[in-house]
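In the numbering used here, the protein residues as written are 221 to 457.
To start, the structure itself, in structure tokens.
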Amino acid sequence: MISIAALITEGNVSDISRKGVDWIGLGENATSISLTEATPDHWYQLGRISRSGFNIAATLRALINDNKLRVLSRPNIVVLNGRQATLHSGQTVYYRKQIGIDDTGRPIYDIEQIPVGVTLVINPRLAADGDIILTLQPIVSSLSDNTYFPDLPLVSEHRTLTTVRIKQGEVLVIAGLMRDSEEIIRSRVPLLGDLPIIGRMLFSHKEKRRISTELMIFIEPVPVQYPTDVEVMKPAE
């Protein structure tokens with residue numbers, strides 16, 4: 221069995237760059253991983269960090285405390301050796317889908333669901349030399365406006381499949397998962413901007429701003445023995 225501890229984070233690209241963080245090149249002890257499968261689209265990067273060579277926790281804590289990084293999820297699962305596990309952080313979108321017509325000619329609907337956000341499909345395997353081989357499929361999806369069919373969700377999705385090999389005690393970093401979003405900034409003149417109707421028309425201003433954020437996933441796989449190690453991993457009551 222293999223325990224997989226993951227940390228899914230999101231941060232503004234410019235803020236992270238100003239902080240001087242490069243997850244793919246953190247000194248001599250942060251070696252880039254050679255991918256065993258070529259990635260057709262290089263929309264993400266893989267890197268590894270040796271725990272003895274770089275204080276990951278301190279760097280993450282500093283970014284989070286400075287509001288440069290936001291923690292989206294901290295999933296932790298135990299999976300059988302060679303079995304697939306799925307980690308998801310985001311939301312599930314439900315929509316109505318027609319699946320047929322009844323005897324009276326009325327449509328029959330069913331409820332479908334689509335996961336939106338960050339999904340990581342991972343298959344860990346323990347090698348004979350103690351290394352851990354991870355088959356990874358990171359998926360980043362987001363909702364878009366559907367002009368032609370407003371009742372149906374339109375999902376933009378990036379996904380790829382690769383396999384990496386890391387040593388025990390190393391943390392795998394998946395970085396470079398870019399996501400663009402829009403936010404509305406409203407500025408107003410104090411007091412005057414609060415006036416009904418006229419204040420909103422003359423003394424306030426709304427602006428759409430496009431923000432580019434980077435999703436980063438930290439993965440630490442640890443082999444465990446059943447059932448002793450699993451019992452130890454349970455949180456104290």
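Even for Gly, the Cβ is constructed at its ideal location relative to N, Cα and C.
How many angstroms separate the CA atom of residue i from the CA atom of residue j?
{"i": "Pro370", "j": "Leu363", "result": "12 Å"}
{"i": "Ile359", "j": "Pro416", "result": "45 Å"}
{"i": "Asp349", "j": "Gly302", "result": "16 Å"}
{"i": "Arg379", "j": "Val313", "result": "19 Å"}
{"i": "Leu397", "j": "Ile321", "result": "42 Å"}
{"i": "Leu300", "j": "Pro344", "result": "8 Å"}
{"i": "Ala278", "j": "Pro327", "result": "57 Å"}
{"i": "Pro443", "j": "Gly325", "result": "57 Å"}
{"i": "Ala395", "j": "Gln445", "result": "30 Å"}
{"i": "Gln311", "j": "Asn232", "result": "21 Å"}
{"i": "Asn287", "j": "Tyr368", "result": "39 Å"}
{"i": "Asp323", "j": "Ala226", "result": "50 Å"}
Following the continuous beta strand (DSSP E) through residue i, name the residue where it begins and the one where it ends.
{"i": "Val313", "result": "Ala305 to Ile321"}
{"i": "Tyr329", "result": "Pro327 to Leu346"}
{"i": "Asn287", "result": "Unbroken run through Asn287: none, as it is neither H nor E."}
{"i": "Leu354", "result": "Ile352 to Ser364"}
{"i": "Thr380", "result": "Segment: none, Thr380 is in no beta strand (DSSP E) and carries neither H nor E."}
Among residues of its own chain, excluding the 5 on either side of residue i, which ones have a beta-carbon nearer than 8 Å to its beta-carbon?
{"i": "Tyr329", "result": "Arg316, Lys317, Gln318 and Ile319"}
{"i": "Arg347", "result": "Residue 347 is actually Ala in this sequence, not Arg. Closer than 8 Å at Cβ, skipping near neighbours: Ile353 and Arg385."}
Let me know if residue i comes out buried or exposed under the rule of 16 or more other beta-carbons within 10 Å of its beta-carbon.
{"i": "Glu440", "result": "buried"}
{"i": "Glu377", "result": "exposed"}
{"i": "Ile224", "result": "buried"}
{"i": "Ile297", "result": "exposed"}
{"i": "Leu372", "result": "exposed"}
{"i": "Leu381", "result": "exposed"}
Apart from the five residues just before and just after residue i, which ones in its own chain have a Cβ nearer than 6 Å to its Cβ?
{"i": "Glu230", "result": "Arg290, Leu292, Thr433 and Leu435"}
{"i": "Ile228", "result": "Leu292, Ser293, Ser309, Val338 and Ile437"}
{"i": "Ser361", "result": "Val336, Val375 and Glu377"}
{"i": "Asn164", "result": "One cannot answer for residue 164 here, as it falls past the ends of the chain, which runs 221 to 457."}
{"i": "Leu356", "result": "Ile342 and Thr382"}
{"i": "Gln304", "result": "Asn343"}
To the nearest whole angstrom, what separates the beta carbons of residue i and residue j, a pair I think is in contact under 8 Å?
{"i": "Ile334", "j": "Val375", "result": "6 Å"}
{"i": "Pro295", "j": "Leu307", "result": "5 Å"}
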